[in-house]
Every structure is written in structure tokens, then in C-alpha cells.
Amino acid sequence: MGTEVCGEYLVTTPDVVLRVDKVSKKFSLGEMHDSLRDLIPGLVGQLIGRPPTSARKTDFWALQNVSFELNRGEAFGIVGANGAGKSTVLKLITGIMEPTAGQVAVKGRLSALIEVGAGFHPDLTGRENVYLNGAILGMKPAEIGRKFDAIVEFSGLADFIDTPVKRYSTGMYARLGFSVAAHVDPDILIVDEVLSVGDVVFQNRCLEKMNSIISSGATVVFVSHNLRAIAELCPRSILLEHGKVVSAGPSQEVLTAYLERSSAHGRPSRSTNVFVSGLRTRNSRSEAVSFETKEKIWVDVEAECTEDSEPFSVVIYLSDDRQYVVFHTSSEYLGYEPISLKPGERFSCTFEMTLNLGGGTYYLGVVLHRFNVQKDLDRLFPAATIFVNSEPTVRGAVNPCPKIVAFGLLTEIEPGKEAIKR
Amino acid sequence: MEGINDSGNDEAVVNMPLRRSPRLVEALLKLIERRDLLYMITWREIKIRYKQSVMGFLWAILLPAVIVTAGIAVRYGMSAISGKPIHGQEIAGVTVKGLLWAFFAGALRFSSTSLIGNSNLVTKIYMPREIFPLASILSQLLDLAVASILVVIIFIVVRLGASWQLLWVPILLLITIALATGWAFLVSAACLFFRDVKYLVEVVITFAIFVTPVFYTVEMFRKWANVLLLNPLAPILEGLEKCIVYRTMPSVPWTLYSATVAFVSLVGGFYLFKKWEPKFAESI
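Here you go:
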């Protein structure tokens with residue numbers, strides 16, 4: 306199945322709604338003539354043959370040969386370090402900029418949440434800004450009118466809707482902006498880091514709304530540093546590094562590749578002669594970084610040494626994104642004798658655990674430890690990052706699988722009888 | 072348009088529109104499709120301007136009033152020197168021309184900063200960028216309308232008198248709007264690429280009033296009249312004075328000349344604007 310350019314159209318399959326085809330984008334760096342005061346002497350200088358005094362303009366390729374395509378109803382993630390080119394890709398998709406090479410093809414109405422509250426003016430009231438922002442995002446006035454109550458309700462700002470926006474706190478500002486954007490109902494939705502504004506409560510609301518948008522069949526392109534959100538929402542992703550696609554496919558693979566490449570993971574410190582030489586997290590099928598709550602995870606820890614080692618045990622622990630250690634265990638607690646290694650031997654220890662955790666990002670740490678003298682032979686943190694997806698019924702680090710077994714007004718109950726379940 | 076692709080696959084393939092630079096007709100259609108946004112942005116400009124000022128709507132009348140007062144002062148001065156008495160009609164003429172000049176100058180002035188003043192929207196949202204200079208033009212038109220109503224009332228009170236020649240007014244007005252819009256496109260784009268263009272625009276507006284027959288008529292310059300008329304605004308101003316105040320017909324050949332210049336400016340300005348538009352977001 307190939308694609309070809311035929312006149313003005315990119316020929317492809319009917320389900321594809323967005324196609325980025327070998328797109329490259331070049332920017333010029335260096336001294337730019339951005340005023341006539343600079344330009345005219347520069348031009349005159351060129352005319353009389355004088356070489357330009359300022360540094361030569363250098364070219365910066367923000368994107369090189371990026372290609373991907375999106376099917377209808379798919380949620381697609383784009384991850385990468387800062388400066389990798391994610392925002393540039395979005396700007397090319399939405400048409401804010403044009404590619405230097407390659408083509409972008411889009412079918413259907415596109416709406417971008419690149420900046421929450423775009424076009425908001427501080428002197429206008431919330432109501433006026435909703436109409437303005439809605440129009441900017443592509444809604445007709447009648448449509449905004451129909452959805453107005455829903456928008457205000459979602460933002461929780463009904464009492465303030467007729468006050469000038471300059472009196473809003475930043476949180477209120479973000480909520481209103483996101484609320485308008487969330488009700489646009491486009492065919493293709495582009496989301497860029499929007500979920501990084503606001504407090505935790507607001508972020509969770511946004512995630513839920515994103516979930517409902519995706520499950521209603523909209524096509525979404527999601528750019529974020531919030532890897533857990535990408536893991537939860539997007540089945541497929543690409544990883545950008547310095548403008549090139551270095552990994553593409555199922556999000557599990559892509560996120561693993563990202564975490565491996567980023568410096569977030571410390572390299573094993575060879576403080577002594579024993580060190581952790583490998584670490585893997587697996588689900589029942591393959592290597593993985595994203596898990597469902599209550600799913601089983603297998604952690605493989607490998608160790609080697611350069612000289613005869615002292616006897617050690619393997620400790621693993623998990624901490625949440627607030628650096629709070631959620632649990633730890635070790636081979637010693639689990640009934641295994643400490644190991645002594647000789648050089649050239651490779652040791653492997655696999656932990657199997659059930660992830661009774663709430664939704665969140667968790668960091669795995671490994672320590673090679675001597676319990677009898679309380680000495681760490683090697684420490685690796687974070688050795689891995691895992692994401693746990695959970696239903697919104699449980700918040701927090703622990704998932705004790707809560708259920709309600711009695712709920713209702715107390716009436717004349719005999720002991721042992723259940724009260725009325727509502 | 073459907074067809075089977077080359078690899079022999081039986082799936083039907085559908086064409087998807089490529090994101091290319093729009094042709095002018097397409098661009099115009101797209102703009103019409105987003106006209107609600109144009110009204111919104113215009114409404115926002117107007118609302119902001121009046122919310123922030125103490126005098127509110129009176130601002131619409133202030134600048135033309137200043138120009139007209141200046142014009143009247145100049146005329147009085149000229150009549151004092153030449154010894155000829157001043158007619159009420161001359162004052163009426165200056166008023167009308169002052170109003171139109173205020174519109175044209177304001178349109179250029181506000182549209183020059185329309186893109187850079189909305190840089191966050193230009194760089195973060197996709198929308199037809201010509202909405203910004205157009206919004207400036209529309210808001211200046213509103214000011215003109217407000218001031219015109221006042222002037223019409225005054226003219227009725229002083230019994231200036233009407234004639235069929237007034238039918239020329241909408242035509243002349245349209246030519247002015249077309250000219251202003253074309254230049255607004257050019258100036259707003261130029262200002263985006265070169266920041267000091269807005270100062271240049273101010274300087275040009277300040278001195279242009281000397282070569283534009285606002286405070287005087289071209290007849291006063293006899294031999295040089297035709298040279299002055301080469302300024303595309305000149306025939307319009309003269310025509311307005313003639314048909315409103317003196318109830319005679321404007322000069323048809325000169326009006327045609329202005330119309331041609333205006334049309335070329337409009338189409339050329341729009342074309343260049345759309346051609347440069349893809350570079351806006353990265354150059355702002």
C-alpha cells in the first residue's frame with residue numbers, strides 16, 4: 306500500500322485522517338534582520354561587496370524526514386525531550402507553519418489545544434471570552450450558545466462568568482480555557498502539554514475528559530511529557546529526538562525506548578566491585594513499562610562483579626512521584642540466602658509482584674545490600690519507571706480493591722441483615 | 072475522486088487535501104467561512120478600545136474633530152492671507168475630507184500593528200491571518216460611521232442640501248476602503264517582518280497630509296493640480312467634496328484612476344499577504 310501525490314491530493318486509504326509524509330522543517334538561526342534599520346545597511350553593504358559583519362545565518366533543521374499517519378478514532382502520542390521537535394510537528398499539522406520539505410494531509414475539522422485560553426483578553430468577562438475563544442477555535446456562535454451552559458458547568462466558574470477575566474486566578478483561567486477547548490468537538494484533536502497546567506485536581510479532570518473524548522471516537526494527537534497519560538491514553542506513539550523519529554509503534558515500546566535514552570535513569574554506579582548490570586520490567590507477554598492495576602509484573606535484576614564479591618542480597622523498592630517509598634522487599638526477606646559472585650559470573654534474580662497500586666507513575670529502585678553489616682554494594686535509582694493505570698475509583702498509591710457492601714439510611718435492622726443498597 | 076492505487080490492492084483509496092498555500096479564491100472562500108471569527112475579533116478590538124477609555128465612543132469623534140478643527144484653522148489662515156472671505160461650504164468641505172482622511176490614517180496606523188499585537192494567536196492557532204488587519208479596518212469604519220452620523224446631523228441642521236450626486240458617496244467610500252485594505256495587508260505583513268515599519272507608517276501619515284488635499288483643494292494649485300491628483304486619495308477627497316458640498320459630479324476619469332489603483336492595491340496586497348503568511352509564525 307503506497308501513497309502518491311496526485312495533483313493536489315495525497316492518495317491514501319479511507320481510514321487515515323492525518324498523514325505526515327517525509328516532513329522536514331528548517332529554521333534560520335543567527336542575526337536576523339528584523340528591522341529596516343538593520344536591513345538597509347545590510348543590503349547596501351551587500352551591494353558594494355562588503356562582507357556581512359554579523360555572524361553567518363546558520364540553518365537549524367528542527368525536523369528531518371518525519372512520517373506517520375493516523376487512523377480515524379485513534380489516539381496517538383508524540384514524546385521526546387524538550388527541543389526534539391514535538392511542537393514544531395504540531396504547528397505543521399495545524400497549518401500554523403509550512404514544511405520546508407514533505408507534505409501534511411488532513412481530513413476533517415482540526416482543533417488544537419496548544420494554548421489554553423488563546424485570545425482571552427483580561428478586560429473582557431468570562432462569558433465574552435468563552436464566545437471569543439470558541440470562535441478562535443473554530444466554533445460558530447450558535448454552537449457556542451448551545452454548549453455554553455455545559456462549558457460553564459465543566460469549568461465550575463458559574464459564579465464568576467460575568468466578571469472580567471483579569472480578576473481570575475491562574476487556575477480559574479486555565480479551567481475556563483480548557484473547558485472551552487474541550488467542547489469544540491473536532492474530527493481531529495491536537496493536544497500539546499495542556500495537561501501540565503493547573504493543580505492535580507484539574508489535571509485529573511482533564512485526563513478524564515480526554516478519556517471520554519477518545520472513547521467517543523475522536524482522533525487525538527497527544528504531545529506530552531506526562532508519560533503516564535500517554536501510556537494510558539495512546540495505543541501507538543512516536544519518539545522524536547533532535548527532529549528525527551527514533552522509535553515508532555506500540556506505546557510500550559516507544560516509552561521504554563524514551564526512558565532508556567533519557568538521562569532520567571542513572572547509570573549503575575560502580576562504587577564497589579559488584580554492580581547491577583541489567584534490569585528489566587516485564588508483563589506476562591513482553592517487556593513493558595505500563596501496567597494495569599492488580600496486574601502482575603516481573604522484575605529481572607542482573608548483577609556482575611569484577612572481583613570476588615561479598616555476599617549480598619537484592620533489594621527492590623518502589624517510590625511514587627512524591628519520592629515516598631511505597632514498599633520495599635528483598636531476596637533476603639523472601640527467604641533467599643545472600644549470594645557471592647565471582648568475576649565472569651552473571652547473576653539474575655526475578656521478582657514477581659502483583660501491582661495493587663493506584664494509578665500513577667512509580668520509580669523502581671534496586672540496591673545490592675549486605676544486611677548483616679548494613680552496607681550498600683550498589684545502588685541504582687531510578688532503575689526503571691513504570692506507569693500504573695487504574696480506574697478512577699481509587700486514588701493514591703495503594704489499591705486495596707475497595708467495594709461498598711452497605712449503603713443507605715439506617716432503619717430497624719436486625720444484626721446481620723444488610724441495609725438498603727442504593 | 073476515488074481510484075485504485077498502483078500496488079494492485081483492492082482497497083479503494085480516497086484523496087486527502089494537501090496542506091498547501093491557498094490560492095486567492097480558495098483563501099477568500101476560507102475567509103468567508105470564518106467570517107464569524109472576523110466579527111468576533113473586530114468586536115473585541117472595539118470593545119477593548121472603548122472599555123479602556125474614559126470617553127468611550129467619543130474617541131471615535133475626537134481624532135476627526137481634531138483634524139477638522141485644524142483644517143478650519145488652516146482655511147481661516149489662508150483666507151486671511153489671500154483676503155478672500157471664507158464660505159461655510161469650505162468648512163463643510165474640510166469636515167468631510169477630514170473625516171475620510173481620519174479613517175484612512177487610522178486604518179493604516181492600527182493595521183500596521185495588528186499582526187504583531189496578536190502574536191500569540193498568530194503563533195499558536197491556525198486561522199486566516201488577514202482577519203487581523205481586516206478587523207482594524209472594520210473598527211475604523213465603525214468610528215467613521217459614528218462620526219458621519221454626527222456630521223450628517225450637522226449638515227441637515229445647517230441645511231447644506233442634498234442632491235442625486237450623493238449617490239457617488241458609497242462608490243467613493245468603497246474605493247477608499249479597498250485602497251486602505253490593500254495597504255493594510257502590506258503594512259501589517261511588513262511590520263511583522265521589520266518592526267520599525269510602524270514608525271515609518273507614522274511618519275508617512277504625518278507628511279502625507281501635506282500632499283493630500285484635505286485642508287485645501289487641488290484647484291488652488293492650478294498647474295500642479297494634476298500632479299496632486301496622482302495621489303489616489305486625492306480624486307476621492309475632491310470627489311466627496313464636490314458631490315456632498317457643491318452638488319456637482321466628481322471627475323469620472325480621475326475616479327476611475329483611483330478605483331484602478333485601489334483594486335490593484337487590494338488584489339496585490341491580499342496576494343502578497345497570503346504568499347508571505349506561511350512565514351509569519353516563525354518570523355514574529
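Quick mapping for you: the protein sequence lines, in order, are chains A and B.
Everything in the first sequence is counted per the working numbering, starting at 306 for the first residue and increasing by one.
Everything in the second sequence is counted per the working numbering, starting at 72 for the first residue and increasing by one.
Using N, Cα and C, we set each Cβ at its ideal position, and we do this for glycine too.
Outcome for residue i when other beta-carbon atoms lying within 10 angstroms are tallied against a minimum of 16
i: residue 326 of chain A; result: buried
i: residue 591 of chain A; result: exposed
i: residue 511 of chain A; result: buried
i: residue 295 of chain B; result: exposed
i: residue 234 of chain B; result: exposed
i: residue 351 of chain B; result: buried
i: residue 573 of chain A; result: At residue 573 of chain A, the pLDDT of 45 sits below 50, so the modelled position is not reliable; the number obtained from the coordinates is stated separately. With 16 or more other Cβ atoms within 10 Å, it is buried.
i: residue 715 of chain A; result: exposed
i: residue 160 of chain B; result: exposed
i: residue 628 of chain A; result: exposed
i: residue 464 of chain A; result: exposed
i: residue 477 of chain A; result: buried
i: residue 563 of chain A; result: buried
i: residue 571 of chain A; result: For residue 571 of chain A, the predicted structure reports a pLDDT of 48, less than 50, and the residue's modelled location is therefore unreliable. A value from the coordinates is still provided. It counts as exposed.
i: residue 653 of chain A; result: exposed
i: residue 351 of chain A; result: exposed
i: residue 313 of chain B; result: buried
i: residue 404 of chain A; result: buried
i: residue 75 of chain B; result: The pLDDT assigned to residue 75 of chain B is 30, lower than 50, so where the model puts this residue is not dependable; a value taken from the coordinates is nonetheless given after this. Exposed: under 16 other Cβ atoms inside 10 Å.
i: residue 342 of chain A; result: exposed
i: residue 330 of chain A; result: buried
i: residue 569 of chain A; result: Bear in mind that a pLDDT of 48 at residue 569 of chain A, under 50, signals an unreliable position, so the number given afterwards is only what the model happens to contain. It is exposed - the Cβ of residue 569 of chain A has fewer than 16 other Cβ atoms within 10 Å.
i: residue 252 of chain B; result: buried
i: residue 345 of chain A; result: exposed
Whether residue i touches residue j by CB criterion (7 Å)
i: residue 334 of chain A; j: residue 365 of chain A; result: yes
i: residue 596 of chain A; j: residue 660 of chain A; result: yes
i: residue 497 of chain A; j: residue 525 of chain A; result: no
i: residue 384 of chain A; j: residue 398 of chain A; result: no
i: residue 692 of chain A; j: residue 637 of chain A; result: no
i: residue 111 of chain B; j: residue 437 of chain A; result: yes
i: residue 333 of chain B; j: residue 246 of chain B; result: yes
i: residue 258 of chain B; j: residue 179 of chain B; result: yes
i: residue 108 of chain B; j: residue 440 of chain A; result: yes
i: residue 391 of chain A; j: residue 545 of chain A; result: yes
i: residue 237 of chain B; j: residue 163 of chain B; result: no
i: residue 735 of chain A; j: residue 322 of chain A; result: Residue 735 of chain A falls outside the range modelled here, since chain A spans only 306 to 727, and no answer is possible.
i: residue 435 of chain A; j: residue 456 of chain A; result: yes
i: residue 666 of chain A; j: residue 585 of chain A; result: no
i: residue 432 of chain A; j: residue 454 of chain A; result: no
i: residue 283 of chain B; j: residue 297 of chain B; result: no
i: residue 355 of chain B; j: residue 229 of chain B; result: no
i: residue 304 of chain B; j: residue 289 of chain B; result: no
i: residue 489 of chain A; j: residue 416 of chain A; result: yes
i: residue 612 of chain A; j: residue 578 of chain A; result: yes
i: residue 138 of chain B; j: residue 169 of chain B; result: yes
i: residue 484 of chain A; j: residue 460 of chain A; result: yes
Checklist entry - Do the region 696–716 of chain A and the region 621–634 of chain A meet, that is, are 3 or more Cβ pairs less than 8 Å apart? => result yes
Next on the checklist: Taking 8 Å as the cut-off, does the region 679–690 of chain A touch the region 639–653 of chain A (at least 3 CB pairs, one atom from each stretch)?
Outcome noted: no
Next on the checklist: Any C-beta of chain A within less than 9 Å: which residues of the region 183–204 of chain B qualify?
Outcome noted: 189, 191, 192, 193, 194, 195, 196, 197, 198
Checklist entry - For the region 329–348 of chain A, which residues have a beta carbon sitting closer than 7 Å to at least one beta carbon of chain B? => result 332, 339, 340, 341, 342, 344
Item to check | Entirely enclosed alpha helix (DSSP H) segments - the region 516–555 of chain A, minimum 4 residues | outcome: With a minimum length of 4 residues, the continuous alpha helix (DSSP H) runs that stay inside the region 516–555 of chain A are 532–538.
Checklist entry - Using a beta-carbon distance cut-off of less than 9 Å, what residues from the region 384–408 of chain A approach chain B? => result For chain B, the residues of the region 384–408 of chain A that bring a beta carbon within less than 9 Å of one of its beta carbons are 396, 397, 398, 399, 400, 401, 402, 403, 404, 408, in chain order.
Next on the checklist: Residues of the region 245–273 of chain B in Cβ contact with chain A at a cutoff of 8 Å, in chain order, please.
Outcome noted: Taking a C-beta cut-off of 8 Å against chain A, the contacting residues of the region 245–273 of chain B are 264, 265, 266, 267, 268, 271, listed in chain order.
Item to check | Inter-stretch contact (C-beta, 8 Å, three-pair minimum) for the region 213–223 of chain B and the region 414–422 of chain A | outcome: no
Item to check | Whole runs of the beta strand (DSSP E) within the region 400–476 of chain A, excluding any shorter than 3 residues | outcome: Annotation note: the region 400–476 of chain A contains the following uninterrupted beta strand (DSSP E) runs of length 3 or greater, listed N- to C-terminal: 406–411, 415–418.
Next on the checklist: I'd like the ranges of any alpha helix (DSSP H) spanning at least 4 consecutive residues and lying wholly in the region 184–222 of chain B.
Outcome noted: With a minimum length of 4 residues, the continuous alpha helix (DSSP H) runs that stay inside the region 184–222 of chain B are 190–195.
Item to check | Touch test, the region 93–108 of chain B against the region 189–207 of chain B, Cβ-Cβ under 8 Å, three pairs minimum | outcome: yes
Next on the checklist: Using a Cβ-Cβ cutoff of 7 Å, what residues of the region 101–115 of chain B are near chain A? List them in chain order.
Outcome noted: 107, 108, 111, 115
Item to check | Residues in the region 408–432 of chain A having any Cβ partner in chain B nearer than 8 Å | outcome: 408, 409, 410, 411, 412, 415, 417, 419, 420, 423, 424, 426, 428, 429
Next on the checklist: Quick check for students: name the residue ranges of the beta strand (DSSP E) that lie wholly in the region 647–694 of chain A, counting only runs of 3 or more.
Outcome noted: 652–659, 665–675, 680–694
Checklist entry - Going along the chain, which residues of the region 471–498 of chain A sit with their C-beta nearer than 7 Å to a C-beta in chain B? => result none
Item to check | Proximal residues, the region 362–383 of chain A versus chain B, C-beta separation under 9 Å | outcome: Listed by position along the chain: nothing, the set is empty.
Item to check | chain B contacts from the region 498–528 of chain A (Cβ-Cβ distance under 9 Å) | outcome: none
Item to check | Residues within the region 613–634 of chain A neighbouring chain B, beta-carbon criterion of under 7 Å | outcome: none
Checklist entry - Given a limit of 8 Å on CB to CB distance, which residues of the region 145–162 of chain B reach chain A? => result In summary, no residue of the region 145–162 of chain B has a CB separated from any CB of chain A by less than 8 Å.
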